[in-house]
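Scroll down for the structure; my scribbles are underneath it.
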Ligand code: GDP
Ligand code: IMO
Ligand code: MG
């Protein structure tokens with residue numbers, strides 16, 4: 007079986023898009039199984055940059071089928087805008103398939119996302135305001151509207167009417183905000199329905215048959231392990247399961263159909279939005295990482311919070327995802343530091359923690375215990391083999407492997423597809 011799941015091992019933005027794009031040239035199918043257009047995956051090919059949010063990162067390879075699975079929350083407007091941008095760049099998008107079971111994001115989801123954030127005040131999550139949480143809330147509440155509903159104008163009218171009535175009670179009575187107009191949303195979405203109809207399919211069958219036929223299938227994670235609803239820094243998380251287990255439900259395949267799990271790991275740590283971050287650097291070092299790594303969000307443009315590598319987190323990710331391999335990303339960004347630090351464990355009062363705690367109150371008390379390594383000054387961005395890397399960069403990689411217990415099979419030294427060093431082939 008040639009199936010590989012690609013998962014974010016920290017708080018997202020680890021470089022998943024780049025790895026998927028790199029591997030997509032060899033993959034027959036790329037599948038997204040969770041999240042929505044809160045994701046921002048950047049691909050750079052021959053110096054040209056593409057930002058993808060909902061469309062899988064295999065789209066630049068015309069042969070690859072790109073599946074938007076049943077676990078996705080689907081914003082048709084966002085999707086069509088992304089499609090138009092790709093088409094303007096002469097990218098062929100006919101190989102996209104959208105699950106008929108995916109849930110649809112409506113304007114009231116986005117509005118409720120923003121209103122809930124405002125109401126949280128100082129306790130805000132820092133969401134992307136794309137309506138992700140409210141759409142998943144409707145799904146778990148069992149009142150959501152799915153793509154298959156949108157495909158039938160009568161069923162859609164009935165379900166949308168009930169939803170608009172319910173949501174108007176909330177916006178009016180709880181938030182004192184403006185009510186939604188059924189006709190406007192209904193007509194807008196009927197237009198979208200016709201534009202997406204040819205892409206809609208039973209994608210679980212598409213993925214299953216590809217796997218059965220021995221095709222190479224990549225599962226593209228969005229967000230990251232620490233943003234997982236169950237396993238992340240709850241409540242500062244997203245509303246889906248970005249861990250490897252999420253693919254089974256979100257793509258509609260048995261867990262035994264996913265063979266390898268590659269953890270995408272940034273060479274340091276970043277986070278957008280609120281919530282605890284033990285190795286965060288609110289100083290010149292953090293600013294230097296942000297500048298060298300161009301750490302500004304692909305979806306919201308927000309400055310990302312930056313800090314040293316946290317092996318507690320990545321070890322945790324290795325365990326909960328069952329990582330079989332690591333792709334270490336953005337190693338070039340760490341050039342020019344006299345020393346580089348790796349957090350090996352946390353100090354909480356007089357206790358030393360090796361495992362990531364559940365309680366955010368405990369996490370807030372944790373101080374990083376660092377191991378300091380010598381840095382390197384060489385520019386890595388033109389290096390093509392592992393052997394060329396400076397000795398201190400190799401020691402840094404070896405230390406990560408030792409602390410996490412998983413091999414670093416791929417090293418990324420620049421945003422371009424070509425700036426990728428492969429130590430062991432993933433497929
Ligand atoms: P994703 O959400 O995991 O796909 O990651 P993002 O695309 O949001 O953020 C990763 C950023 O790092 C993007 O701007 C990429 O172009 C960039 N990037 C990826 N790999 C490398 C690398 O090895 N070096 C550098 N300098 N940038 C990289
Ligand atoms: P990719 O796929 C980084 C964060 C938000 C916020 C929290 C909840 O590009 O790695 P949401 O809008 O999902 O309800 O926001 O999750 N977040 C991400 N952070 N990368 C992402 O995706 C993210 N998607 C959501 O910033 O803290
Ligand atoms: Mg991103």
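Numbering (our numbering), first residue to last: 7 to 433.
All C-beta atoms, glycine included, are put in the ideal place defined by N, C-alpha and C.
These figures come from a predicted structure and were not determined experimentally.
Contact defined as beta carbons within less than 8 Å: I believe residue i pairs with residue j. What is the distance between those atoms, to the nearest angstrom?
{"i": "residue 152", "j": "residue 115", "result": "Not a contact, Cβ separation roughly 14 Å."}
{"i": "residue 327", "j": "residue 231", "result": "6 Å"}
{"i": "residue 51", "j": "residue 66", "result": "6 Å"}
{"i": "residue 32", "j": "residue 222", "result": "6 Å"}
{"i": "residue 101", "j": "residue 70", "result": "6 Å"}
{"i": "residue 426", "j": "residue 265", "result": "21 Å between Cβ atoms; not a contact."}
{"i": "residue 113", "j": "residue 186", "result": "7 Å"}
{"i": "residue 72", "j": "residue 82", "result": "The pair is not a contact, with the Cβ atoms about 16 Å apart (cut-off 8 Å)."}
{"i": "residue 274", "j": "residue 318", "result": "With 8 Å as the limit, residue 274 and residue 318 do not qualify as a contact, their Cβ atoms being about 14 Å apart."}
{"i": "residue 17", "j": "residue 276", "result": "7 Å"}
Do you know how far the Cα of residue j is from the Cα of residue i?
{"i": "residue 287", "j": "residue 183", "result": "39 Å"}
{"i": "residue 175", "j": "residue 278", "result": "32 Å"}
{"i": "residue 12", "j": "residue 194", "result": "35 Å"}
{"i": "residue 383", "j": "residue 173", "result": "56 Å"}
{"i": "residue 291", "j": "residue 312", "result": "9 Å"}
{"i": "residue 340", "j": "residue 421", "result": "14 Å"}
{"i": "residue 208", "j": "residue 146", "result": "21 Å"}
{"i": "residue 250", "j": "residue 200", "result": "33 Å"}
{"i": "residue 192", "j": "residue 111", "result": "13 Å"}
{"i": "residue 37", "j": "residue 355", "result": "44 Å"}
{"i": "residue 135", "j": "residue 303", "result": "14 Å"}
{"i": "residue 385", "j": "residue 34", "result": "35 Å"}
{"i": "residue 411", "j": "residue 299", "result": "26 Å"}
{"i": "residue 74", "j": "residue 49", "result": "18 Å"}
{"i": "residue 395", "j": "residue 198", "result": "50 Å"}
{"i": "residue 310", "j": "residue 293", "result": "10 Å"}
{"i": "residue 54", "j": "residue 171", "result": "45 Å"}
{"i": "residue 99", "j": "residue 89", "result": "7 Å"}
{"i": "residue 204", "j": "residue 179", "result": "40 Å"}
{"i": "residue 155", "j": "residue 46", "result": "27 Å"}
{"i": "residue 413", "j": "residue 433", "result": "15 Å"}
{"i": "residue 407", "j": "residue 202", "result": "44 Å"}
{"i": "residue 86", "j": "residue 357", "result": "52 Å"}
{"i": "residue 338", "j": "residue 409", "result": "21 Å"}
{"i": "residue 375", "j": "residue 285", "result": "9 Å"}
{"i": "residue 368", "j": "residue 336", "result": "30 Å"}
Three-state secondary structure (DSSP) at residue i?
{"i": "residue 14", "result": "strand"}
{"i": "residue 276", "result": "strand"}
{"i": "residue 225", "result": "strand"}
{"i": "residue 239", "result": "coil"}
{"i": "residue 108", "result": "coil"}
{"i": "residue 154", "result": "helix"}
{"i": "residue 364", "result": "coil"}
{"i": "residue 148", "result": "coil"}
{"i": "residue 416", "result": "strand"}
{"i": "residue 313", "result": "strand"}
{"i": "residue 380", "result": "strand"}
{"i": "residue 357", "result": "strand"}
{"i": "residue 115", "result": "helix"}
{"i": "residue 1", "result": "The question about residue 1 has no answer, for the chain in this structure spans 7 to 433."}
{"i": "residue 329", "result": "coil"}
{"i": "residue 374", "result": "strand"}
{"i": "residue 386", "result": "coil"}
{"i": "residue 344", "result": "coil"}
{"i": "residue 283", "result": "coil"}
{"i": "residue 51", "result": "strand"}
{"i": "residue 65", "result": "coil"}
{"i": "residue 338", "result": "helix"}
{"i": "residue 175", "result": "helix"}
{"i": "residue 93", "result": "helix"}
{"i": "residue 9", "result": "strand"}
{"i": "residue 265", "result": "coil"}
Within the same chain, show all residues whose beta-carbon is closer than 8 Å to that of residue i, passing over the 5 residues directly before and after it, in chain order.
{"i": "residue 405", "result": "348, 377 and 379"}
{"i": "residue 168", "result": "149"}
{"i": "residue 196", "result": "159 and 162"}
{"i": "residue 370", "result": "282"}
Can you give me the Cβ contacts of residue i inside the same chain, cut-off strictly under 7 Å, excluding the 5 residues immediately before and after it?
{"i": "residue 84", "result": "43, 59 and 60"}
{"i": "residue 97", "result": "65 and 66"}
{"i": "residue 139", "result": "119, 133 and 245"}
{"i": "residue 280", "result": "130, 131, 132 and 242"}
{"i": "residue 165", "result": "151 and 155"}
Give me, in chain order, the residues of the same chain whose beta-carbon lies closer than 6 Å to that of residue i; leave out the 5 immediate sequence neighbours on both sides.
{"i": "residue 415", "result": "331, 429 and 430"}
{"i": "residue 181", "result": "121"}
>> Three Cβ pairs or more, each shorter than 8 Å: is that satisfied between the region 266 to 278 and the region 15 to 25?
In response: yes
> Between the region 233 to 242 and the region 73 to 82, do at least 3 Cβ pairs fall closer than 8 Å?
Replying inline: no
> Three or more beta-carbon pairs under 8 Å between the region 358 to 365 and the region 394 to 401, yes or no?
Replying inline: no
>> With a threshold of 8 Å, are at least 3 pairs of Cβ atoms found where one atom belongs to the region 313 to 332 and the other to the region 249 to 266?
In response: yes
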